[in-house]
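This note's numbering puts the first residue of the sequence shown at 29, with every later residue one more than the last.
For glycine and all other residues, C-beta sits at the position ideal for the given N, C-alpha and C.
Okay, structure first, notes after.
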Amino acid sequence: MLNKIKNLNKELDRINLNSASELEFFRIKFLGKKGILNSLFKEFKKIDNNEKRNIGLSLNIFKKKIKNLILKFKILKKKKIIIDDLEIDDLTKPGKKKNLGSRHPISIIKHRIINLFNKIGFQICEGPEIEYDWYNFTALNFPYYHPAREMQDTFFIKKSNKLLRTHTSSVQIRYLEKNKPPIRIISPGRVYRNEKISAYSHCMFHQIEGLYLDKKVSFQDLKSTINFFIKNFFGKSITRFRPSYFPFTEPSAELDILWNNKWLEIIGCGMVDPIVLKNVNIDPDIYSGFAFGMGIERITLMIYKINDIRYFFENDLRFLKQFKKEF
Ligand code: DAH
């Protein structure tokens, strides 16, 4: 038995506990109910009395060695020399690093817009970026020959009727196909167009679309909703609704805001065209509604006085770090 203890002592000398899981494994192996120490003590009971003193002594030293190893681990952990791997493995825990990144300006503004619409009952609804022609164009009353398609040229997926969506209005159709009024949704997301990349335009950008559908919804409801948003988002500001054209709304309007003495167009909107409602089997004699859409980049450029849209997508840390304190 003395030899056994000697070998086990040698094993202990080689052990280095580096993590909580190693410690646990070690504890069960040596101190567990069916562990080494218990089995040694059981064996100890059976040995001759004249051997007991000697073996008992080395058994106690062995036991102390085990406890010391555990103590050493605890001290090192307290001093943070050992970092518990159980903590590292828990990927759901918030990061410990102090120098974490910051929210992207587009996300900051997107969240501010969403929060305001959430307050008046609009719920978020998202859709795919690779979209069928039906949802992006045809159901929104842009038949294939319609000249309004020209302004929203995009990237088409070869040999399919799919494309990269040009606006988040496509989500309207997806939602309307599956849900009955009353409907109040807001759809943020990324959109694509065949545009030359410059300081003012990009082939990829973000929009937020809104849709409100119920009985007896009027243009007045549209105006008051948009005005609520403008007032709360921009504070006091001068705006104007200007008649416009979109295939999926009738009548259609654009909202301009007076910004640094210039009229800037920021929201497209209108009453949902009855043709669109018929396309999704909703009776336009019973229901009416309004829709609106805005570009997040445009608003973000305004708010932060940024003069080039390309900064948003270059991932230059010197640019991104400037938004550190914002949410
Ligand atoms: N989808 C339009 C665009 O990308 C924006 C828009 C205009 C959305 C009017 C609407 C709307 O819902 O009613 O240019």
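Distances from the alpha-carbon of E205 to those of K190, G155, K244, C231 put G155 closest.
Looking only at T267, P210, F320, the smallest Cα-Cα distance to E278 is reached by F320. With a cutoff of 7 angstroms, Q235 counts as near the ligand DAH, since its C-beta is closer than that to a heavy atom of the ligand. By DSSP's assignment, Q235 forms a beta bridge with G217, G323.
For K73, the enclosing alpha helix (DSSP H) starts and ends at 64–74.
Nearest C-alpha to F341 among E79, I225, Y332, S265: I225. Using a Cβ-Cβ distance cut-off of 8 angstroms, the region 201–219 and the region 227–243 are in contact, since at least three pairs of beta carbons, one from each stretch, lie closer than that value. Shown here, M29 sits in coil according to DSSP, grouped into three states, outside any helix or strand. Only residues of its own chain outside the window of five on either side were considered, and among them none has a CB closer than 6 angstroms to the CB of K80. Of K61, E325, R221, the smallest CA-CA separation from E178 is found for R221.
Per DSSP, G84 is one residue of the alpha helix (DSSP H) stretching across 77–106. Beyond the five residues adjoining it in sequence on each side, F150 comes within less than 7 angstroms, by CB distance, of R212, I213, I214, G238 in the same chain, given in chain order. For G321, the shortest separation between its Cβ and any heavy atom of the ligand DAH lies below 7 angstroms. In its chain, beyond the 5 residues on either side, L36, K57, F58 have a beta carbon closer than 7 angstroms to the beta carbon of I64.
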